[in-house]
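A quick write-up on the structure given underneath.
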Amino acid sequence: MLHRTRLTAALAGSAALALALSACSGGQGSDSKDGGEKTLTVFAAASLNSTFTQIGKQFESDHDGVSVKFNFAGSSDLVSQLKEGAPADVFASADEKNMKKATDDSLMDGEPKAFATNVLTIVTAPDNPKKITGLKDLSKSGVQTVVCADGVPCGNATKEVTEKAKVTLKPVSEESKVTDVLGKVESRQADAGLVYVTDAKSAGDKVEEVDFPESKSVVNTYPIGVQAAQDKDLAQQFEDAVMSESGQKVLGEAGFGKP
């Protein structure tokens, strides 16, 4: 009798545990309608990492049960992922050219909106050991320069600005995203690199910034839009947060310009 009582209690405990586990697992879907958590997936250009992370944290704070998941990469890589069917709610590009690829392929819902601008600058190691003063110095013998690859927004901007300045660069490396260019300079794998002013600002004293006048002739406009799948309502709310006064303040403090 004692053995049977213990067995009954054990079975009851197991059933209770199974019920509890089932209840815990019931609210994990992004489309939960019973008050469970939702996940908003945002594809964003690598240069937006710090600002969008900050905006995302505030968004989570303002929306109970919402978790923002970011995928930061080069804009051209993000478009390729979207074309291959990667799920996203929001896409923010570092240029209009890559956003147009997304809209032309009917990957976006509605018309994307411009929310920021950015320009290039030169970064070197602290104290600028190669004494670089402008764009032409990047073409000098003995200066190892790293840039973004063609097709990437910062690479397209680099190509345009060097053509306008009639400067031919021979980079030692071409990276798929601007943060990798910055990383090469920070780690002393390169003497100099062309990045956005926002990247130079975020790096602080890890690099030295060298402004050059030709950069003002090439301005990248950043568009954001709701992706053609997933949770459109929540995605629109995130876009609104980026366009809001508080979102624009975060971007402005990071060095982004107004669209």
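The number in the working numbering is simply the position in the sequence shown, starting from 1, with 38 added. Glycine is no exception: its CB is placed at the ideal position from the N, C-alpha and C atoms.
- Query: Which one or two residues does DSSP pair with Lys-178 in a beta bridge?
  - Reply: According to DSSP, which records beta bridges pairwise, Lys-178 is partnered with nothing at all.
- Message: With a threshold of 8 Å on Cβ separation, who are the neighbours of Lys-222 within its own chain once the five nearest residues in sequence on each side are excluded?
- Response: Around Lys-222: Val-184, Ser-211, Glu-213, Ala-228, Gly-231.
- Query: Can you list, in chain order, the stretches of the beta strand (DSSP E) that have 3 or more residues and sit fully within the stretch 102 to 175?
  - Reply: DSSP runs (the beta strand (DSSP E)) wholly in the stretch 102 to 175: 104 to 111, 128 to 130, 146 to 156, 158 to 162.
- Looking at C-alpha atoms only, which residue of His-101, Met-146, Val-219 is the closest neighbour of Glu-75? For the set His-101, Met-146, Val-219, the Cα lying nearest the Cα of Glu-75 is the one of His-101.
- Mapping DSSP to helix, strand and coil, what is Pro-261? Reduced to three states, the DSSP call for Pro-261 is strand.
- Return the CA-CA distance between Val-216 and Gly-123, expressed in angstroms with no decimal places. Taking the straight line joining both Cα atoms gives about 24 Å.
- Beta-carbon proximity check, Ser-88 vs Ala-292, cutoff 8 Å: In contact: Ser-88 and Ala-292 (Cβ atoms closer than 8 Å).
- Who does Phe-81 pair with in a DSSP beta bridge? Answer by DSSP bridge pairing, in chain order: Asn-109, Phe-129.
- Task: In angstroms with no decimal places, state the Cα-to-Cα distance between Glu-98 and Phe-90.
- Result: Taking C-alpha positions only, Glu-98 is separated from Phe-90 by approximately 12 Å.
- Query: Which residue comes first and which comes last in the beta strand (DSSP E) that contains Leu-232?
  - Reply: From DSSP, the beta strand (DSSP E) with Leu-232 extends over 230 to 234.
- Message: If contact is defined by three or more beta carbon pairs under 8 Å, each pair taking one atom from either stretch, is the stretch 242 to 255 in contact with the stretch 117 to 131?
- Response: Touching, no.
- Query: Since Pro-297 and Thr-259 are thought to touch, with beta carbons under 8 Å apart, how far apart are those beta carbons, to the nearest angstrom?
  - Reply: Correct: roughly 6 Å between the Cβ atoms.
- Select from Gly-290, Leu-272, Glu-277, Leu-289 the residue whose C-alpha is nearest the C-alpha of Thr-77. It is Leu-272 whose Cα lies nearest to the Cα of Thr-77.
- Is the Cβ of Phe-276 closer than 8 Å to any Cβ of chain D? You won't find chain D in this structure, because it holds only one protein chain.
- Using alpha carbons as the reference points, say which of Cys-186, Gly-189, Gln-265, Ile-170 lies closest to Gly-180. Among Cys-186, Gly-189, Gln-265, Ile-170, the Cα nearest to that of Gly-180 is on Ile-170.
- Assumed close pair Ala-126, Cys-192 - CB separation to whole angstroms, cut-off 8 Å: Going by Cβ atoms, the distance from Ala-126 to Cys-192 rounds to 21 Å, so no, they are not a contact pair.
- Message: According to DSSP, simplified to helix, strand and coil, what is Thr-206?
- Response: The answer is coil: DSSP assigns Thr-206 none of H, G, I, E or B.
- Item | Segment limits, alpha helix (DSSP H) that includes Ser-99 | That run of the alpha helix (DSSP H) goes 87 to 100.
- Message: Looking at Leu-158: is its Cβ nearer than 8 Å to the Cβ of Thr-196?
- Response: Yes, Cβ-Cβ distance for Leu-158 and Thr-196 is below 8 Å.
- Task: Whole angstroms is fine: what's the gap from Val-29's alpha carbon to Glu-247's?
- Result: This structure leaves residue 29 out entirely; the chain is present only between 39 and 297.
- Task: Compute the distance between the beta-carbons of Asp-147 and Ala-266, then report whether it is under 8 Å.
- Result: Between Asp-147 and Ala-266, the C-beta spacing is below 8 Å.
- Query: Are the CB atoms of Ala-152 and Ser-113 nearer to each other than 8 Å?
  - Reply: Taking the C-beta atoms as reference points, Ser-113 is found no nearer than 8 Å to Ala-152.
- With DSSP as the reference, label Asp-293 as helix, strand or coil. In the sequence on display, residue 293 carries Gly and not Asp. Gly-293 falls in the coil class under three-state DSSP.
- Item | Cα-Cα separation, Glu-198 to Asp-278 | Glu-198 and Asp-278: Cα-Cα distance of roughly 32 Å.
- Spatially closest choice to Ser-177 from Thr-155, Thr-200, Asn-194, by CA coordinates: Residue Thr-200 is the option with its Cα nearest to Ser-177.
- Query: What do you get for Pro-167, buried or exposed, if any count of 16 or more other CB atoms within 10 angstroms of its CB means buried?
  - Reply: Around the beta carbon of Pro-167, fewer than 16 other beta carbons sit within 10 angstroms, so the residue counts as exposed.
- Message: Just verifying my parser: in three-state terms, what is the DSSP assignment at Met-281?
- Response: Note: Met-281 maps to helix in three-state DSSP.
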